[in-house]
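Q:
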Amino acid sequence: QVQLVESGGGLVQTGGSLRLSCAASGSISNIIVMRWYRQAPGKEREVVATITSSGSTNYADSVRGRFTISRDNAKSTMYMQMNSLKPEDTAVYYCYYLIRDGSLNAYWGQGTQVTVSS
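Using our numbering, the first residue of the sequence shown is number 24, and each one after it goes up by one.
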């Protein structure tokens, strides 16, 4: 069973930076896609950034140029560097892995709160 644990969230002022991490435990052999999602109060969960097994990345328009997603394949760990944070970035951030382990299975972390004060 794969478990994902996020860390790195917190309270930061507008213009500040945070680095989120998502560490995986369990047997992982083939991660197809890794994503960061976020959900603000009263809003639907949205994709923030994606990185594929080949290293291709994609970002939501609202964060492109400010956030950078990366991965450490040896550690099955994903990161997101968040710079120039804005109050509208305030949300719970979740990591997501799509893994092929015989079949395709999706795993979620428990979420980490990011709060940006104005």
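In this text, a Cβ means the ideal position worked out from N, Cα and C, and glycines have one as well.
Could you tell me whether the Cβ atoms of residue 41 and residue 115 are closer together than 8 Å?
A: For this step, residue 41 is matched to residue 18 along the sequence shown. For this step, residue 115 is matched to residue 92 along the sequence shown. Between residue 41 and residue 115, the gap from beta carbon to beta carbon reaches 8 Å or more.
Q: Taking residue 49 as the reference, which of 121, 99, 118 and 111 has the closest Cα?
A: The residue given as residue 49 occupies position 26 in the sequence shown. With distances taken between Cα atoms, residue 49 lies closest to 99.
Q: As a quick exercise: from 130, 105 and 140, pick the residue whose alpha carbon is nearest that of residue 28.
A: Position 5 of the sequence shown, counted from the start, is the residue given in the question as residue 28. Here the closest residue by C-alpha is 130.
Q: Between which residues of its own chain and residue 91 is the CB-CB distance below 6 Å, once the five residues before and five after are set aside?
A: Walking along the sequence shown from the start, residue 91 turns up at place 68. Correct list, in chain order: 104.
Q: Taking buried to mean at least 16 other C-beta atoms within 10 Å of its own C-beta, is residue 70 buried or exposed?
A: In the sequence shown, counting from the first residue as 1, residue 70 sits at position 47. With a threshold of 16 other beta carbon atoms within 10 Å, residue 70 falls short and is exposed.
Q: Counting only the same chain and skipping the five closest in sequence on each side, list residues whose C-beta sits under 6 Å from that of residue 108.
A: Working through the sequence shown from its first residue, we reach residue 108 at position 85. Apart from sequence neighbours up to five positions away, the residues of its chain that approach residue 108 with a beta-carbon distance below 6 Å are 35, 39 and 139, ordered along the chain.
Q: Measuring alpha carbon to alpha carbon, tell me which residue in 102, 127 and 125 is nearest residue 60.
A: On the sequence shown, position 37 is the one that residue 60 refers to. Minimum Cα distance to residue 60 is reached at 102.
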